[in-house]
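**Student:** Please see the structure below; I have some questions.
Protein chains: 2
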Amino acid sequence: MAAGRDKSKMYASDGRPRELKVDLVAVVAAVTDNDPRALTISQGSALPAGPFEMGHRSLQAGLRDWVEQQTGQALGYIEQLYTFADRDRIPEEQARRAISISYLGLTRDEWSEGGPPRDWQSWYDYFPWEDHRAGAPSIIADAILPPLRAWTEQQGGKAREERRQRIAIGFGIDGRPWNEELVLQRYELLYEAALVEEALRDGGGARAPHIPGRPMIADHRRILATGIARLRTKIKYRPVVFELMPPVFTLLQLQRAVEALAGRLVHKQNFRRLIEQQELVEETGETMSETGGRPAKLFRFRPAVLMERSAAGTKLSVSRS
Amino acid sequence: MAAGRDKSKMYASDGRPRELKVDLVAVVAAVTDNDPRALTISQGSALPAGPFEMGHRSLQAGLRDWVEQQTGQALGYIEQLYTFADRDRIPEEQARRAISISYLGLTRDEWSEGGPPRDWQSWYDYFPWEDHRAGAPSIIADAILPPLRAWTEQQGGKAREERRQRIAIGFGIDGRPWNEELVLQRYELLYEAALVEEALRDGGGARAPHIPGRPMIADHRRILATGIARLRTKIKYRPVVFELMPPVFTLLQLQRAVEALAGRLVHKQNFRRLIEQQELVEETGETMSETGGRPAKLFRFRPAVLMERSAAGTKLSVSRS
DNA sequence: ACGGCTTATACTCATTCGAAGCATAAGGAG
DNA sequence: CTCCTTATGCTTCGAATGAGTATAAGCCGT
C-alpha cells in the first residue's frame, strides 16, 4: 500500500532532499585466448559506468559515451540488461539513491591504438565456480557447498527445504544437471548466504569466510552476473557469437568461443552440423594450419542471415567429453 | 564520443536545471471471457504509473504501491520489462526528461470489493492486428500493409529493401509465418511509418491516416506492446499462465487463456499432452458440464513444480484450425 | 618414406519432440 | 434414441537432437 512509503526518507539529515541518481553501467564482453572477458576500470574492480545526463540523446548513446570515454572502446552491438535499484541496506546517512540501468555490449578485443591499454578481465576471476569446461571446479565441493549447507541449517521447516532446493538447482547436485544459465541465481545465493565480500560490506556483521572470486564495487559483480547469464542464454537462440569473433575464423575457434562463454564443452560434430545447416557461415576458400593437425577451412559470418531469419540460433548441444 | 553530449540541454530556458524523473509503469495482465486484458487508468488511455520515490523500498515495492493506489489491484507475480527513456523528439521547452521503468504483472481479474471498479481493457483494442485466433485480421491487408508499402517506397536501395524485410518478417507475408512474439517490432514499424497517433503527436507533421487501434498517453502503448511480447514469449517456456487462472479450471479453459494471450489457436490434443506430461496440473476429482458437451474434468495447478523444475514450460504448439 | 599424432570432416544410429489426424467417450437437446 | 458437442486417448510421420564411428589430411620424428 502507498502507506508503506516513508516520507521522512526523502530528506537527508541535513534537510536537503535526497538525490535520485541514474547510472548507466556496461557489461562489455569479448573472448581472447579462449577466455571470456569483461571490460573493466580501476584495475578490474568496477565496470565502466557513469550518470545518465540530460545531454545524452538516449540511454544507449549515454552508455556508449561513458564506455568510450573511460576505456577508449567503441561499442557495436548492445542490449539492455536490467535496471537495479540499490539494495535495501543503504546507510541512513547516505543522502542519495542510485538506479543502475545496465547494458550488455559485445565486441572484439582489439588493440587500443594510442590511449591507455584496456583493462580486460576474465569472467572467471569473479566467478570461479562458473567455468565447467574441465568438469565441475573443485571449489564448488570444497569451498562453496559446505558453507551453503551450513546456511541451510540455520532455517527450519519449509524455508530450509526451499534453500536446499535452490542450492540443488543452482549448483546441479542431487542428480540435477548443471545449468550454466543460472549465473545470477548462484551469485544471489552466495550473497544471501553472506559468502561473497559484497554481502558483508552491505549487510555488516562478520560472517562465514569468503569463497574465492574477486569482488567489485557497489553491485557491479551482480550486474556482471546478469550479463553473463543473458549472454549464455542468448547464444543459444541468436547468432550473437559472431559479434565476438574476428572476421575470419575456423569452426573450432568458433566452438571454443562458444565454450568459453557457456563455460562448458559442446559436441564438436553436432556443433558443426548446426552451424552449417543454419547457413550462418560461408567458406572463404582459405585454410589455416596452425594447430598441428589437418588444416581447417576458414569461414566468415554471413550477415545476410541477420535479416533473413530473425529467429536464427546458434544452439549449443552440450556433451560430457 | 563524450563530445557528443550537449551541456546546454541540461538547463531549461529559465535557467533551472532540467529534472530527471524516474517513473514506474505497470503492464498488468489478466484474462476474462477469453480476452486478454490490461489494467488501465483514465478510461483506458494510460497504464498505472507513478514516480519512483525515495521512500520506496525497492522498484518493485514502488510499483506495487502505485498500482494498488491507482486501481485497488494488489499484484502477485511481477517481473521487470524494460527501461525506456523519452524518445528523441522532446520539445525544447520541456524542462524535464523522463525515464520509465516498466514491469509486467500477472493477476486474476477479481472483483474489486469496495472502491471503484477496475478499468480492464482488451489488448486488442490497442493492437487490433495482433489477434489471429480467427485467422489474420482483415485490417492487416486492408489498412496496414498498403500504407506500410507506400512508406517503403519513400526510400531507395538498401534502406528500402530493409524496410520490406522488416515488414515481411513482422507481418508474416511473402510466405513467412506469422510470429506472434513480434508485437513490439510491429508497433515500432507502425510508429516509424507514422501510422499510429503517437507518432504524429511526437514527431509533428501530419501524415498518413491512422490505422485502427487506440492510442495511449506518452509511450504507454509501446510499453504495453513490450509487455504483451514478453508474456507471449514467456508462456512458452515457463508455466506463467496459471497466475492468470482461477484456482480450478478445465483444460479447455486453460487452452483458451493461452490462445487469448498468444492471439492464435493451438492444437488441442497436443496441448493437453504437453500439460499433462509435464505434470503441471492435477485433477480435483470434480467435473464441470457447462458447455453442452461431455463434462470436463476440473484441474488445479500443482505449485510443487515451481520449485521442482525451475525450467518447466507451458509450450504451445500452434496449429491452423 | 613411414608410422604415429593431431585435428578436421563425413556419416550413421537411436531417441525425442513437434505437428497433425483418427478414434472413442460422455454428456445434453430434440 | 439419435445427433450435436465437447472431452480425451492414441498413432503416425518427420524433423531435430544427442552421441558415436569412420575417414581424411596435415605435421613430426625417426
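Residue numbers (our numbering), protein chains in the order written: chain V, 305 to 625; chain Z, 305 to 625. Where is the CB? At the ideal position from N, CA and C, for every residue including glycine. This structure is a prediction, so every number in the text was calculated from the model and none was measured.
1) Can you check whether the CB of Arg-437 (chain V) is closer than 8 Å to the CB of Arg-568 (chain V)?
2) Can you say whether Ala-389 (chain Z) is buried or exposed, counting buried as having 16 or more other CB atoms within 10 angstroms of its CB?
3) Does the Cβ of Val-552 (chain V) have 16 or more other Cβ atoms within 10 Å, making it buried, or fewer, making it exposed?
4) When you check each C-beta in the segment 528-544 of chain V against every C-beta of chain Z, which residues fall closer than 7 Å?
5) Using DSSP's beta-bridge definition, name the partner residues of Pro-340 (chain V).
6) Where Arg-490 (chain V) and Pro-543 (chain V) are concerned, what is the direct C-alpha to C-alpha distance, given to the nearest angstrom?
7) Taking its Cβ as the centre, do 16 or more other Cβ atoms sit within 10 Å of Lys-538 (chain Z), making it buried, or is it exposed?
8) At a Cβ threshold of 8 Å, is Thr-344 (chain V) touching chain Z?
9) Only counting runs of 4 or more residues, tell me where the alpha helix (DSSP H) segments fall wholly within the segment 363-396 of chain Z, in order along the chain.
10) Using Cβ-Cβ distances below 7 Å, what residues of the segment 367-387 of chain Z are close to chain V?
11) Which ranges does the alpha helix (DSSP H) cover as unbroken runs of at least 4 residues, wholly within the segment 444-524 of chain V, from first to last along the chain?
12) Please state the DSSP three-state secondary structure of Arg-361 (chain Z).
13) What whole-angstrom Cβ distance do Val-329 (chain Z) and Gln-377 (chain Z) have, given they're in contact under 8 Å?
14) Can you round the beta-carbon distance between Thr-530 (chain Z) and Asp-413 (chain Z) to whole angstroms, since I take them to be within the 8 Å contact cut?
15) In the structure shown, what three-state DSSP assignment does Ala-353 (chain V) receive?
16) What is the C-beta distance between Trp-629 (chain V) and Glu-434 (chain V), in whole angstroms, given that I count them as a contact (C-beta under 8 Å)?
17) Alpha carbon to alpha carbon, how far is Leu-558 (chain Z) from Ser-442 (chain Z)?
18) Can Ile-471 (chain Z) and Leu-351 (chain Z) be called in contact, C-beta distance under 8 Å?
19) Hey, how far is the Cα of Val-500 (chain V) from the Cα of Ile-477 (chain Z)?
20) Classify Arg-573 (chain V): buried if its beta carbon has 16 or more other beta carbons within 10 angstroms, exposed otherwise.
21) Can Glu-372 (chain Z) and Tyr-407 (chain Z) be called in contact, C-beta distance under 8 Å?
22) With DSSP as the reference, please indicate the residues paired to Val-562 (chain V) in a beta bridge.
23) Note down, in chain order, each residue of its chain lying with its Cβ closer than 7 Å to the Cβ of Arg-560 (chain Z), except the 5 sequence neighbours on either side.
24) According to DSSP, is Arg-542 (chain Z) helix, strand or coil?
25) With 16 other CB atoms within 10 Å as the buried threshold, where does Ala-497 (chain V) fall?
26) To the nearest angstrom, how far is the alpha carbon of Leu-343 (chain Z) from that of Met-549 (chain V)?
27) Quick one: Cα of Glu-457 (chain Z) to Cα of Glu-465 (chain Z), how far?
28) Would you kindly check if the distance between the Cβ of Leu-565 (chain Z) and the Cβ of Arg-604 (chain Z) is under 8 Å?
29) Whose C-beta lies closer than 7 Å to the C-beta of Thr-588 (chain Z) among residues of the same chain, with five residues either side of it excluded?
30) What do you reckon, are the CB atoms on Trp-482 (chain Z) and Ala-533 (chain Z) nearer than 8 Å?
31) Can you tell which of Z:Asp-327, Z:Phe-431, Z:Ile-521 and Z:Ile-515 has its C-alpha closest to the C-alpha of Gln-347 (chain Z)?
32) If you follow the alpha helix (DSSP H) that Arg-577 (chain Z) is in, where does it begin and where does it stop?
33) For Val-329 (chain V), return the contacting residues in chain Z, with the cut-off set at a CB-CB distance below 7 Å.
34) Could you tell me if Tyr-386 (chain V) is buried or exposed, where buried requires 16 or more neighbouring beta carbons within 10 angstroms of its beta carbon?
35) Note down, in chain order, every chain Z residue with its Cβ under 7 Å from the Cβ of Ala-389 (chain V).
36) Return the first residue and the last residue of the beta strand (DSSP E) that Trp-433 (chain V) is part of.
**Tutor:** Taking the structure as given:
1) Residue 568 (chain V) sits at position 264 when you count from the first residue of the first sequence. Residue 437 (chain V) sits at position 133 when you count from the first residue of the first sequence. Yes, the Cβ-Cβ distance between Arg-568 (chain V) and Arg-437 (chain V) is below 8 Å.
2) Indexing the second sequence from 1 puts residue 389 (chain Z) at position 85. Counting C-beta atoms within 10 angstroms of its own C-beta, Ala-389 (chain Z) has 16 or more neighbours from the protein chains shown and is therefore classed as buried.
3) The residue given as residue 552 (chain V) occupies position 248 in the first sequence. Exposed.
4) The segment 528-544 of chain V vs chain Z, Cβ under 7 Å: nothing.
5) Within the first sequence, the letter at position 36 stands for residue 340 (chain V). BP columns for Pro-340 (chain V) point to V:Val-335.
6) Here residue 490 (chain V) is taken as the residue at index 186 of the first sequence, counted from 1. Here residue 543 (chain V) is taken as the residue at index 239 of the first sequence, counted from 1. Whole-angstrom Cα-Cα distance: 26 Å.
7) Your numbering for residue 538 (chain Z) matches position 234 in the second sequence. Residue burial annotation: Lys-538 (chain Z) is buried, with at least 16 other C-beta atoms found within 10 angstroms of its C-beta.
8) Within the first sequence, residue 344 (chain V) is the residue found at index 40, counting from 1. Chain Z contact via Cβ: absent.
9) You should have 363-375.
10) Within the segment 367-387 of chain Z, the residues whose Cβ lies closer than 7 Å to some Cβ of chain V are Asp-369, Glu-372, Gln-373, Gln-384, Tyr-386 and Thr-387, listed in chain order.
11) With a minimum length of 4 residues, the continuous alpha helix (DSSP H) runs that stay inside the segment 444-524 of chain V are 449-457, 461-475, 487-496 and 501-507.
12) Here the question's residue 361 (chain Z) lines up with position 57 in the second sequence. DSSP places Arg-361 (chain Z) in coil when its eight states are reduced to three.
13) Residue numbering aside, residue 329 (chain Z) sits at position 25 when the second sequence is read from its first letter. Residue numbering aside, residue 377 (chain Z) sits at position 73 when the second sequence is read from its first letter. That pair is no contact at about 15 Å.
14) What you label residue 530 (chain Z) is simply residue 226 of the second sequence in a count that begins at 1. What you label residue 413 (chain Z) is simply residue 109 of the second sequence in a count that begins at 1. Rounded, the Cβ-Cβ distance is 21 Å, inconsistent with contact.
15) Reading the first sequence from its first residue, position 49 is the one you call residue 353 (chain V). Correct three-state label for Ala-353 (chain V): strand.
16) The requested residue 629 (chain V) is not part of the displayed model; chain V covers only 305 to 625.
17) For the purposes of this step, residue 558 (chain Z) is taken as the residue at position 254 of the second sequence. For the purposes of this step, residue 442 (chain Z) is taken as the residue at position 138 of the second sequence. The alpha-carbon atoms of Leu-558 (chain Z) and Ser-442 (chain Z) are separated by roughly 27 Å.
18) Translated into positions along the second sequence, residue 471 (chain Z) becomes position 167. Translated into positions along the second sequence, residue 351 (chain Z) becomes position 47. No, the Cβ-Cβ distance between Ile-471 (chain Z) and Leu-351 (chain Z) is not below 8 Å.
19) If you number the first sequence from 1, residue 500 (chain V) lands on position 196. If you number the second sequence from 1, residue 477 (chain Z) lands on position 173. Put simply, the backbone Cα of Val-500 (chain V) is about 52 Å away from that of Ile-477 (chain Z).
20) Here residue 573 (chain V) is taken as the residue at index 269 of the first sequence, counted from 1. The identity of residue 573 (chain V) in the sequence shown is Gln, whereas the question assumes Arg. Burial state of Gln-573 (chain V) is exposed, judged by a 10 Å Cβ sphere holding fewer than 16 other Cβ atoms.
21) The residue labelled residue 372 (chain Z) in the question sits at position 68 within the second sequence. The residue labelled residue 407 (chain Z) in the question sits at position 103 within the second sequence. Going by C-beta atoms, Glu-372 (chain Z) is not nearer than 8 Å to Tyr-407 (chain Z).
22) Locating residue 562 (chain V) in the first sequence gives position 258, where the first residue counts as 1. Paired residue(s): none; Val-562 (chain V) is not in a bridge.
23) Looking up residue 560 (chain Z) in the second sequence gives position 256. Excluding positions up to five away in sequence, the list reads Asn-338.
24) Taking the second sequence and counting its residues from 1, one reaches residue 542 (chain Z) at position 238. Three-state DSSP puts Arg-542 (chain Z) in coil, outside helix and strand.
25) Taking the first residue of the first sequence as 1, we reach residue 497 (chain V) at position 193. Classification of Ala-497 (chain V): buried, given that the 10 Å Cβ count is 16 or more.
26) As a first step, residue 343 (chain Z) must be located in the second sequence, where it is residue number 39. As a first step, residue 549 (chain V) must be located in the first sequence, where it is residue number 245. The straight-line gap from Cα to Cα measures roughly 45 Å.
27) Stepping through the second sequence from its first residue, residue 457 (chain Z) is reached at position 153. Stepping through the second sequence from its first residue, residue 465 (chain Z) is reached at position 161. Near 10 Å, if we compare the C-alpha coordinates of Glu-465 (chain Z) and Glu-457 (chain Z).
28) For the purposes of this step, residue 604 (chain Z) is identified with residue 300 of the second sequence, where counting begins at 1. For the purposes of this step, residue 565 (chain Z) is identified with residue 261 of the second sequence, where counting begins at 1. No, they are not a contact pair.
29) Position 284 of the second sequence, counted from the first residue, corresponds to residue 588 (chain Z). Around Thr-588 (chain Z): Val-552, Leu-602, Phe-603 and Arg-604.
30) Here residue 482 (chain Z) refers to the residue found at position 178 when the second sequence is read from its first residue. Here residue 533 (chain Z) refers to the residue found at position 229 when the second sequence is read from its first residue. No, these two residues do not count as a Cβ contact at 8 Å.
31) In the second sequence, counting from the first residue as 1, residue 347 (chain Z) sits at position 43. Measuring from the Cα of Gln-347 (chain Z), the nearest candidate turns out to be Z:Ile-521.
32) As a first step, residue 577 (chain Z) is located in the second sequence; it is residue number 273 there, counting from the start. In the DSSP annotation of this structure, the continuous segment of the alpha helix (DSSP H) that includes Arg-577 (chain Z) starts and ends at 572-581.
33) Position 25 of the first sequence, counted from the start, is the residue given in the question as residue 329 (chain V). The contacting residues do not exist; Val-329 (chain V) stays about 12 Å from chain Z at best.
34) Here residue 386 (chain V) refers to the residue found at position 82 of the first sequence. Classification of Tyr-386 (chain V): buried, given that the 10 Å Cβ count is 16 or more.
35) Translated into positions along the first sequence, residue 389 (chain V) becomes position 85. Ordered by position in chain Z, the residues that pass the 7 Å Cβ test against Ala-389 (chain V) are Ser-362 and Leu-363.
36) What you label residue 433 (chain V) is simply residue 129 of the first sequence in a count that begins at 1. The continuous stretches of beta strand (DSSP E) do not include Trp-433 (chain V), and DSSP gives it neither H nor E.
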